[in-house]
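Enquirer: Mapping the sequence shown onto UniProt numbering, position 55 (from 1) lands on 55, and the numbers just tick up by one.
Virtual Cβ for every residue (Gly too), placed ideally from N, Cα, C.
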Amino acid sequence: MASERRIVVLISGSGSNLQALLDAVSDGRLGQARITQVISNRKAAFGLERARKAGVPTAVLSMKTWLGRNAGKTREDYDEVLAGAVLAGASGRSQEWLDAQGAQGQQLVQQDTAAPTKPDLVVLAGFMHIVSPRFLQVVGNTPCINLHPALPGAFDGIEAIKRAHDAFQEGKLKDGKTGVMVHEVVAEVDRGRPIVVQEVECIEGQSLEDLEGRIHEVEHRIIVEAAGKILSERS
Ligand code: GRF
1 MASERRIVVL ISGSGSNLQA LLDAVSDGRL GQARITQVIS NRKAAFGLER ARKAGVPTAV
61 LSMKTWLGRN AGKTREDYDE VLAGAVLAGA SGRSQEWLDA QGAQGQQLVQ QDTAAPTKPD
121 LVVLAGFMHI VSPRFLQVVG NTPCINLHPA LPGAFDGIEA IKRAHDAFQE GKLKDGKTGV
181 MVHEVVAEVD RGRPIVVQEV ECIEGQSLED LEGRIHEVEH RIIVEAAGKI LSERS
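#1: Grab me the residues of E225's own chain with a C-beta within less than 6 Å of its C-beta, minus the 5 sequence neighbours each way, in chain order.
#2: Quick one: grab the DSSP three-state call for N17.
#3: Use the C-beta contact count for S3: other C-beta atoms within 10 angstroms, 16 or more gives buried, fewer gives exposed.
#4: Taking the beta carbon of P149 as the centre, do at least 16 other beta carbons fall within 10 Å, making it buried, or is it exposed?
#5: Should I130 and V86 be called a contact, given that it needs their Cβ atoms to be closer than 7 Å?
#6: Given K162, which residues of its chain have a CB within under 8 Å of its CB, disregarding the five upstream and five downstream residues?
#7: Locate the beta strand (DSSP E) running through P57, then write down its first and last residues.
#8: Does the region 70 to 88 come into contact with the region 12 to 29, if we say contact requires no fewer than three beta-carbon pairs (one atom in each stretch) closer than 8 Å?
#9: Which word fits S94, buried or exposed, when buried means at least 16 other C-beta atoms lie within 10 angstroms of its C-beta?
#10: In the DSSP assignment, find the alpha helix (DSSP H) that holds P133 and state where it starts and stops.
#11: Got a sec: does the ligand GRF put a non-hydrogen atom nearer than 6 Å to the Cβ of P194?
#12: Count the CB pairs spanning the region 175 to 189 and the region 154 to 161 that are closer than 8 Å, and state whether there are at least three.
#13: In chain order, which beta strand (DSSP E) runs of at least 3 residues are fully inside the region 175 to 200?
#14: On the three-state DSSP scale, how would you describe I230?
#15: Can we count S14 as close to the ligand GRF, meaning its CB is less than 6 Å from some heavy atom?
#16: Please classify residue 240 as buried or exposed, where buried requires at least 16 neighbouring CB atoms within 10 angstroms.
#17: Here's the rule: buried if 16 or more other CB atoms are within 10 angstroms of the residue's CB, otherwise exposed. What is K118?
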């Protein structure tokens, strides 16, 4: 990877997958890439603390709060502003800047869809919000990937690990395997082109916590592998 690559990461929670990316950047496993912005839709997300510790600009853009401040606006309007914040994130923005722009949304989008710098990669890392087609339209041809703790088409949506564990307990899990994937984000939830897929064997008598622990270890590895793959495709 010759020139610098800019990554924007979206989170909602503990940010252990964000941490895996931060660690990979700091020890050079992602070449010249750096995380220029972390955006959370939940202000309590511990991942924001991880970003701050790493000196990465953070911003919170909660849909509930934004809709409350912008009566009459819709989920799609929020997604448009979120996408605008993601594009602007290539330059690392403060909460104050975002709040000043984000109130109207469209300004942010117009201003930044023409922005000279756009991220080279957007990573949804434990991001608990389903982005709409409007989000993807604004993000345009900037690659956007999502981590999902299941195999392609197996357990789309929430609580995928628990659902796989329950299916295994009931003897209904195909080949006794679940897994983790990173895929390209498309309008249909968890259905984009898989970029990296890793199977995880379920073990008789394992607890859900055991399985979650093994799944998270795989997540932390393949999210870095997938980011590296996409970035090298763009070099
Ligand atoms: C992960 O299993 C992720 O796939 C899911 O949320 C969990 C926690 O992610 N969406 P993180 O620790 O916030 O990265």
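Expert: Put simply:
#1: V196
#2: helix
#3: exposed
#4: buried
#5: No, these two residues do not count as a Cβ contact at 7 Å.
#6: L208
#7: Neither: P57 is in no beta strand (DSSP E) and is coded neither H nor E.
#8: no
#9: exposed
#10: P133 to V139
#11: no
#12: Yes, the region 175 to 189 touches the region 154 to 161.
#13: 177 to 184
#14: helix
#15: Residue side-chain check: S14 places its Cβ nearer than 6 Å to a non-hydrogen atom of the ligand GRF.
#16: Missing from the structure shown is residue 240; the chain here goes from 1 to 235 and no further.
#17: buried
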